[in-house]
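In what follows, a structure is listed as structure tokens, so that the remarks can point back to it.
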Amino acid sequence: MLGTGIGGGLILDGKLYQGKNFQAGELSFMMKQSGKPSFEDMYGMTGSAVGLVKKVNLELGTEDTKDGAAAFEAINQKDPDVYQIFEAFAKEIAYMICNVQAILDLEKIVIGGGISAQPIVTEEIRKQYRAIRAELPFVANTLTEVEIDSCRFLNDANLLGALYQLLLNVDEEMAVNV
Numbered sequence: 035m036l037g038t039g040i041g042g043g044l045i046l047d048g049k050l051y052q053g054k055n056f057q058a059g060e061l062s063f064m065m066k067q068s069g070k071p072s073f074e075d076m077y078g079m080t081g082s083a084v085g086l087v088k089k090v091n092l093e094l095g096t097e098d099t100k101d102g103a104a105a106f107e108a109i110n111q112k113d114p115d116v117y118q119i120f121e122a123f124a125k126e127i128a129y130m131i132c133n134v135q136a137i138l139d140l141e142k143i144v145i146g147g148g149i150s151a152q153p154i155v156t157e158e159i160r161k162q163y164r165a166i167r168a169e170l171p172f173v174a175n176t177l178t179e180v181e182i183d184s185c186r187f188l189n190d191a192n193l194l195g196a197l198y199q200l201l202l203n204v205d206e207e208m209a210v211n212v
């Protein structure tokens with residue numbers, strides 16, 4: 035889920051993996067640098083959809099920095115002043131996908147959140163992911179390329195995931211049949 039931060043629902047062997055302390059999938063807290071760590075350098079800040087929209091709108095001079103429609107109008111038109119901001123955002127997500135794939139060897143990664151309704155988001159993340167692999171032939175030759183797609187429920191994915199977890203807690207058999 036790309037939103038205020040980055041959250042992930044890890045489905046391993048057909049089941050939601052929660053981890054020992056129910057913190058699995060907190061991708062926002064993945065760190066990128068080996069130097070002095072800071073919150074601003076975590077993927078949740080550099081890969082935040084909210085942060086992307088704000089940066090694009092600041093570049094455009096849009097009064098409402100939370101205006102996703104204005105931001106994506108410029109992105110979809112490939113406005114040169116803002117498209118580089120969008121490419122950098124997509125590259126951050128692509129690097130994170132490379133790291134997650136190296137650890138978990140997933141079959142598929144799906145992108146959710148409000149911005150995932152914009153086809154250009156998944157397309158650019160895929161493009162950046164493939165560019166990273168092309169720059170690092172050893173990685174490309176060692177790790178299988180993961181499929182990247184938009185999730186079926188887009189912005190509602192986290193709500194439906196929470197409902198599914200509630201159903202599991204109430205009646206595991208009922209949740210399996212949803």
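For the sequence shown, our numbering assigns the number 35 to the initial residue and increments by one for each residue that follows. Positions of the beta carbon are idealized from the N, C-alpha and C atoms, including for glycine. Fair warning: this is a prediction, and the values are worked out from it, not measured in the lab.
Rounded to whole angstroms, LYS125 and ILE159 show a C-alpha spacing of 6 Å. Bridge pairing for ILE131: absent [DSSP].
Counted as a single uninterrupted DSSP element, the beta strand (DSSP E) harbouring ILE182 occupies residues 181–184. For TYR51, DSSP records a beta bridge to LEU44.
By DSSP's assignment, VAL144 forms a beta bridge with ASP183. Within the stretch 82–124, not a single complete beta strand (DSSP E) segment reaches 3 residues in length. If you compare the alpha carbons of ILE143, LEU197 and VAL173 with that of VAL180, the shortest gap goes to ILE143. Listed as beta-bridge partners of MET65 by DSSP are MET76. Under the DSSP assignment, ALA168 falls in the alpha helix (DSSP H) whose first and last residues are 153–169. If you ignore the 5 residues before and after ASN110, its C-beta comes within less than 8 Å of the C-beta of GLN152 and ILE154, all in its own chain and listed in chain order.
Going by beta carbons, GLY41 and SER82 fall outside the 7 Å limit.
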